[in-house]
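Here the protein sequences come in this chain order: P, G, A and C. Using my numbering, read the first sequence as starting at 1 and increasing by one per residue. Using my numbering, read the second sequence as starting at 1001 and increasing by one per residue. Using my numbering, read the third sequence as starting at 2001 and increasing by one per residue. Using my numbering, read the fourth sequence as starting at 3001 and increasing by one per residue. C-beta atoms are modelled at their ideal positions from N, C-alpha and C, and glycine is treated no differently. To start, the structure under review is shown below, and the notes come after it.
4 protein chains.
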Amino acid sequence: MNYNHIFSKIYDTLEETENPGEVASYIPELKNINPNKFGVHLTTLDGHHYSFGDSDEKFSIQSIAKVLALVLAYQLENEKLWERVGVEPSGTPFNSLVQLEYDKGIPRNPLINAGALVISDILISHFNEPKKQFIDFVRKVSGIPGIDFSVKIADSEKSVGYTNAALVNLMKSFGNIRNDIDDVLDFYFNLCSIEMTCKELSRTFLFLAGYGVCPYSNEQIINASKSKRINAIMQLCGFYDEAGEFSFKVGLPGKSGVGGGIIAIHPDKYSIAVWSPRLNKKGNSIRGMKFLELFTTETQASIF
Amino acid sequence: MNYNHIFSKIYDTLEETENPGEVASYIPELKNINPNKFGVHLTTLDGHHYSFGDSDEKFSIQSIAKVLALVLAYQLENEKLWERVGVEPSGTPFNSLVQLEYDKGIPRNPLINAGALVISDILISHFNEPKKQFIDFVRKVSGIPGIDFSVKIADSEKSVGYTNAALVNLMKSFGNIRNDIDDVLDFYFNLCSIEMTCKELSRTFLFLAGYGVCPYSNEQIINASKSKRINAIMQLCGFYDEAGEFSFKVGLPGKSGVGGGIIAIHPDKYSIAVWSPRLNKKGNSIRGMKFLELFTTETQASIF
Amino acid sequence: MNYNHIFSKIYDTLEETENPGEVASYIPELKNINPNKFGVHLTTLDGHHYSFGDSDEKFSIQSIAKVLALVLAYQLENEKLWERVGVEPSGTPFNSLVQLEYDKGIPRNPLINAGALVISDILISHFNEPKKQFIDFVRKVSGIPGIDFSVKIADSEKSVGYTNAALVNLMKSFGNIRNDIDDVLDFYFNLCSIEMTCKELSRTFLFLAGYGVCPYSNEQIINASKSKRINAIMQLCGFYDEAGEFSFKVGLPGKSGVGGGIIAIHPDKYSIAVWSPRLNKKGNSIRGMKFLELFTTETQASIF
Amino acid sequence: MNYNHIFSKIYDTLEETENPGEVASYIPELKNINPNKFGVHLTTLDGHHYSFGDSDEKFSIQSIAKVLALVLAYQLENEKLWERVGVEPSGTPFNSLVQLEYDKGIPRNPLINAGALVISDILISHFNEPKKQFIDFVRKVSGIPGIDFSVKIADSEKSVGYTNAALVNLMKSFGNIRNDIDDVLDFYFNLCSIEMTCKELSRTFLFLAGYGVCPYSNEQIINASKSKRINAIMQLCGFYDEAGEFSFKVGLPGKSGVGGGIIAIHPDKYSIAVWSPRLNKKGNSIRGMKFLELFTTETQASIF
């Protein structure tokens, strides 16, 4: 299938409608982005690439990186991981403390902030140089040595990161954080600061379409069963309290970030990355979601 | 693939472990069931049948019937339906009033009790003889004229149905119930009283594996897009607050009932019904879930 | 102290400010009231009367009657009463189901709707003719034979009383309602329909200033300890989620109703009834609260 | 009235019953206290003193000190104070984050932890040497120069104070904390570490029985209106989610601390301090509450 043609057709449709929403504004570094950027990149398991628009421009992948941290932690901890974090959708906004207090410090899933903080804590416990060893893992998975944290973004988030500090302190009070709070927050803010282009993002996540195998290197990043389970978690928990909406309209497992990026996986076929910085009230890219809805409708390709 | 052999092998594995949990006890009619019943039936789109155990014995499908009511209401109302009910997982127990009050009478999704009550209200508004017309629809979908409500079960539930009466009154106070409260409850309790065997259940839901087409009659019950969306809703909302657990371990869209039944759909392939009356604390069949987990592991077949 | 002069002075002050807020509109009978009505009546334990404005006009005392039902139920059940209802402020809006679900059907206190429904259920269990026997009690306490329910108001509330029906069904599901739901609702709506003038209201509640003794008849309605405890409950729970505000600014135990009435008690001194139909968002009379704030400031008389 | 005799009589009654409950154990310094300590001290406005048991032994007054911080902040800020903290009872446990998130960072009242953290923040903004200037205020009010913080207790609490760190971070994220988080926590933990004997505690709070005037020095600490309002806040919010219970059974404004102390005020009459370290599940002294219940019953003296 020639996806390039479909991309272009859908983009024209989108252009005919207004582009509402605002870019994330809670830190200056994110606010300065051009809100009208738009990029797509699709990589198939058999090595084809299709791209459109600003697909070669770096952006902050933000929460999308939480999936990579989860993959690594799951690999290291196996099923023991689920003693410290759940796999259920949150049903409430992404930074909610209510659920966490009710569940005695166990986050509902690893893709909400609280869950990613626990995953960060777990990775810190495993590594001597957590940040270095994590970014090395991301570079290995993507096959792209240049991928890196953005110190500027990480510092900027840290300066206003009171909600995350509240979450990590609350979990520490319940005994579900083992390391120093400042170390956990430092790792977490770096994790969310990673920058990629759509092309790099699509390529990085391709192993989740390939049952855990990275098709470039033929390396098994994670086994098939775990790879499927990561997809299942993305399906149910990848879009905060819009997970149902995304599943309903797009029908693929995926994850969004407040930088405006979305990654979606079609198991056994491809991974697709979209980037459009204007967000809806729930913190998800408006055009990114709409693009993927039209794309899976047009190609009649969803997992359902 | 010869599923019969796999069924038998998994059953042997299950038999080696204890069978904990209790049958639903809130009404006498459900409590009297033999807790050790176990049945499976799988129907493929191309007409093969595989069964095991008590697969020809009728049981109360309970909440599984909510999916059929949803299908009919979606067919009648199209996207307007979503003004009165959401598509997000509930994140809280299945009879919770908290969410409903917070969301001003709009249930999170059509598969929790509140949502199914709204769906019932919608169907009543469309029909002159709602119960008759609904059961006719179920008979048409299944191709089995003998399928019916159980008056005994419906009456029994009605006599203790105070939580559902609370839900429907609350939604009426918010204006999201249009018909008489007693009529809505009567329809709802009848809906949940439908009885099927595993074989009938599997056959009835096969159209959701076939993109909306019933393979027996070749009739398009619902179009492909809607069929996929029904599956997406089941994936995210079909197991109350264990939807994540089921997705994570089984990886198929499905729906459970407190009668101990579970239906699961593998799009483009098959539908499978399991029945085992002992439930966990969340109201889902313990052996039913475990069986399906082992089944999709063994056959390496999930949607992820 | 000549209260008449103070009443008039405060009224002049109030008249200089605008009179915002709306009358309760959820039933037509309440909506038809002239929103600018204003009446006050203060009765001292030693038999003096002070009144102002529309103090001889009947209005619907609504939730204020819950205190009288509580008095009677406490008298009949003694400390056993507190097994079925708490004494803690609710901290949430007056018709909230959240708290009730969390507390497994035990209302936080007897002055929120749920609590008054449990009190109604208790009174029904004690009496053959609950409504007649209750109104006889009110007549005895007040010494006014003409006090009665308003059938029109009760019927009107019943026709839209879905929230209360939700509450009573929910409590029935937890086993905290023993009688038929329709009987409980019928009693409750009649309870809330009682009509009094400010003068009658002040006179009726005077026994709570007198440590349980009705000064007209010298009858001990309730013993001193119970009388104090009723006042304590009013202090903490009498104004829904504005109990703190009322305590802070007025400093007397009291109870409001959505008809715009407020009763307040100065133990050992007097009872005072105010009526002004315009309500704030929390369902309390705006001018009634402000009047009492200025009154206790002016007279330097609060319990603190 | 000779209170000494009553004290002794009530103590004998208490001794006949078992003394359940545990001392606060979350920090070692509190855990090491002898759980069977018991002291009472009552000071009347006209200068009489009545004491019993270990009334001259220092203990950690903990949250009772929050009232003193509130008094000072109210004096400095006047009614502007209530823009940053409410006056409503919390209805939920004392360290709950739920309410705080729902109310966008505005604590329900100044006596729950979150509220006292905001009060701490306010005091820091007013002073150059906040801790010194606050303890000077406490010494002035009590007329006892030796009253001081316990560095050991403050440090001990700081080392496990993750819940309070969560609260202050959450409020900072809503903009309701103006100073550095570490400074606020340091002030707060010192505030809670103040040590007094029952005699000192009773004497320190006597001005709240005297409409704001300290009877020793004749100094007006706070005006009469504010003094009454502080009492009103204690009445509704002084015992976490047992404020209703305390009002119902004791009928005086008061405040408890997890060190086992309770202060209660009888306006125009006396202040009474009780100390018994064993706590109930809600964090209040069991014998302290029971003693005061029996005391106000015996003396027939409550504000109601």
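In whole angstroms, give me the CA-to-CA distance for Met2171(A) and Glu101(P). As a working mapping, residue 2171(A) is identified with position 171 in the third sequence. As a working mapping, residue 101(P) is identified with position 101 in the first sequence. So the alpha carbons of these two residues sit roughly 26 angstroms apart.
Just curious, the beta strand (DSSP E) that Phe306(P) is in, first and last residue? The shown model of chain P, from 1 to 304, leaves out residue 306(P), and the question about it has no answer.
How would you call Asn2109(A), buried or exposed, if buried means at least 16 neighbouring beta carbons within 10 angstroms? Within the third sequence, the letter at position 109 stands for residue 2109(A). When all chains shown are included, Asn2109(A) counts as buried.
With a 10 Å radius around its C-beta and 16 neighbouring C-beta atoms as the bar for buried, classify Phe3094(C) as buried or exposed. In the fourth sequence, counting from the first residue as 1, residue 3094(C) sits at position 94. Confidence at Phe3094(C) is low in this model, with a pLDDT of 47, below 50, so its placement is unreliable and the value that follows should be read with caution. Its Cβ being crowded by 16 or more others within 10 Å, Phe3094(C) is buried.
Kindly indicate which three-state DSSP category His5(P) falls into: helix, strand or coil? Indexing the first sequence from 1 puts residue 5(P) at position 5. In this structure, His5(P) counts as helix in the three-state DSSP scheme.
At which residues does the beta strand (DSSP E) containing Ile3263(C) begin and terminate? For this step, residue 3263(C) is matched to residue 263 along the fourth sequence. That run of the beta strand (DSSP E) goes Gly3261 to His3266.
Between which two residues does the beta strand (DSSP E) containing Ala273(P) stretch? Taking the first sequence and counting its residues from 1, the one referred to as residue 273(P) is at position 273. Per DSSP, Ala273(P) belongs to the beta strand (DSSP E) from Tyr270 to Trp275.
Since I believe Met1289(G) is in contact with Ile1262(G) (beta carbons under 8 angstroms), could you give me their beta-carbon distance rounded to a whole number of angstroms? Against the second sequence, residue 1262(G) aligns to sequence position 262. Against the second sequence, residue 1289(G) aligns to sequence position 289. About 7 angstroms separates the two Cβ atoms, so the contact holds.
Close Cβ partners of Asn1284(G) (< 6 angstroms) along its chain, the five nearest in sequence each way excluded: As a first step, residue 1284(G) must be located in the second sequence, where it is residue number 284. Taken in chain order, the residues that qualify are Phe1239, Glu1242 and Ser1256.
Measuring alpha carbon to alpha carbon, tell me which residue in Ala3069(C), Cys3192(C) and Phe3052(C) is nearest Ile3222(C). Here the question's residue 3222(C) lines up with position 222 in the fourth sequence. It is Ala3069(C).
List the residues of chain G that Val2040(A) touches, going by C-beta distances under 8 angstroms, in chain order. In the third sequence, residue 2040(A) corresponds to position 40, counting from 1. Within chain G, no residue comes near Val2040(A); the closest Cβ sits about 34 angstroms away, beyond 8 angstroms.
Can you tell which of Leu2117(A), Ile2272(A) and Glu2016(A) has its C-alpha closest to the C-alpha of Cys2192(A)? Walking along the third sequence from the start, residue 2192(A) turns up at place 192. Residue Leu2117(A) is the option with its Cα nearest to Cys2192(A).
Quick one: list the residues of chain P neighbouring Tyr3162(C), beta-carbon separation under 9 angstroms, in chain order. Within the fourth sequence, numbered from 1, the residue matching residue 3162(C) stands at position 162. By Cβ distance, chain P contributes Val168, Asn169, Leu170, Met171, Lys172, Ser173, Phe174, Ile177 and Ile181.
Taking the continuous alpha helix (DSSP H) assigned at Leu70(P), which residues delimit it? Start at 1 with the first residue of the first sequence, and residue 70(P) comes out as number 70. Segment Ala65 to Glu77, the alpha helix (DSSP H) holding Leu70(P).
Straight-line gap, Ile1006(G) to Lys1037(G) (C-alpha atoms, nearest Å): Here residue 1006(G) is taken as the residue at index 6 of the second sequence, counted from 1. Here residue 1037(G) is taken as the residue at index 37 of the second sequence, counted from 1. Looking at the two C-alpha atoms, the distance is approximately 19 angstroms.
State buried or exposed for Thr2299(A), treating a residue as buried only when at least 16 other CB atoms are found within 10 Å of its CB. Position 299 of the third sequence, counted from the start, is the residue given in the question as residue 2299(A). Thr2299(A) should be labelled exposed.
Distance cutoff 7 angstroms, beta carbons only. Does Glu3101(C) sit that close to anything in chain P? As a position in the fourth sequence, residue 3101(C) is number 101, starting the count at 1. Chain P contact via Cβ: present.
Any contact between the segment 209 to 225 of chain P and the segment 1204 to 1212 of chain G? By contact I mean 3 or more CB pairs, one from each, below 8 angstroms. no
In three-state terms, what does DSSP make of His1049(G)? Indexing the second sequence from 1 puts residue 1049(G) at position 49. Looking at His1049(G) - three-state DSSP - the assignment turns out to be strand.
Which one or two residues does DSSP pair with Thr163(P) in a beta bridge? Reading the first sequence from its first residue, position 163 is the one you call residue 163(P). Per DSSP, none; premise fails for Thr163(P).
Below-7 angstroms beta-carbon distance, Val98(P) vs any chain G residue: Indexing the first sequence from 1 puts residue 98(P) at position 98. So, not an interface residue.
Can you pull the chain P residues whose beta carbon is under 7 angstroms from the beta carbon of Ala3165(C), in chain order? As a working note, residue 3165(C) is residue 165 in the fourth sequence. Simply Asn169.
With Thr1043(G) as the anchor, note down where its beta strand (DSSP E) starts and where it stops. Numbered from 1 along the second sequence, position 43 holds the residue referred to as residue 1043(G). Segment Gly1039 to Thr1044, the beta strand (DSSP E) holding Thr1043(G).
Can you grab the Cα-Cα spacing for the pair Gly1254(G) / Glu3018(C), in whole Å? Walking along the second sequence from the start, residue 1254(G) turns up at place 254. Walking along the fourth sequence from the start, residue 3018(C) turns up at place 18. About 55 angstroms.
To which residues of the same chain is Ser247(P) closer than 7 angstroms at the C-beta, ignoring the five residues directly before and after it? Indexing the first sequence from 1 puts residue 247(P) at position 247. For Ser247(P), where only same-chain residues beyond five positions count, the Cβ hits under 7 angstroms are Gln235.
Residue from Glu2016(A), Ile2147(A), Leu2014(A) and Lys2066(A) whose Cα sits closest to the Cα of Ile2230(A): Residue 2230(A) sits at position 230 when you count from the first residue of the third sequence. For Ile2230(A), the nearest C-alpha among the options comes from Lys2066(A).
Cys2214(A) - DSSP class collapsed to helix/strand/coil: If you number the third sequence from 1, residue 2214(A) lands on position 214. Note: Cys2214(A) maps to strand in three-state DSSP.
For a test of the three-state rule: what should DSSP assign to Gly105(P), helix, strand or coil? As a position in the first sequence, residue 105(P) is number 105, starting the count at 1. If DSSP states are grouped into helix, strand and coil, Gly105(P) belongs with coil.
Straight-line Cα distance separating Ile3272(C) from Tyr3003(C): Locating residue 3003(C) in the fourth sequence gives position 3, where the first residue counts as 1. Locating residue 3272(C) in the fourth sequence gives position 272, where the first residue counts as 1. Cα to Cα, Tyr3003(C) sits roughly 11 angstroms from Ile3272(C).
Taking the alpha helix (DSSP H) that Ser1949(A) belongs to, which residues open and close that run? No answer is possible for residue 1949(A): it lies beyond the span of chain A, which begins at 2001 and ends at 2304.
Applying the 10 Å Cβ sphere with the 16-neighbour rule, what's the burial state of Thr13(P)? Residue mapping note: residue 13(P) aligns to position 13 of the first sequence, counting from 1. Exposed, by the Cβ-count rule.
When DSSP builds the beta bridges, which residues end up paired with Lys3255(C)? Reading the fourth sequence from its first residue, position 255 is the one you call residue 3255(C). Partner(s): Ile3263(C).
When you compare only the Cα positions, how much space is there between Asp54(P) and Ser159(P)? Position 54 of the first sequence holds residue 54(P). Position 159 of the first sequence holds residue 159(P). Their Cα atoms are separated by approximately 30 angstroms.
As assigned by DSSP and simplified to three states, the class of Leu1111(G): Locating residue 1111(G) in the second sequence gives position 111, where the first residue counts as 1. It is coil, neither helix nor strand.
Give the list of continuous alpha helix (DSSP H) stretches no shorter than 4 residues that lie fully inside the segment 2169 to 2240 of chain A. 2181 to 2191, 2198 to 2204 and 2224 to 2237
Is there contact between the segment 1178 to 1187 of chain G and the segment 1015 to 1029 of chain G, where contact requires at least three CB pairs shorter than 8 angstroms? no
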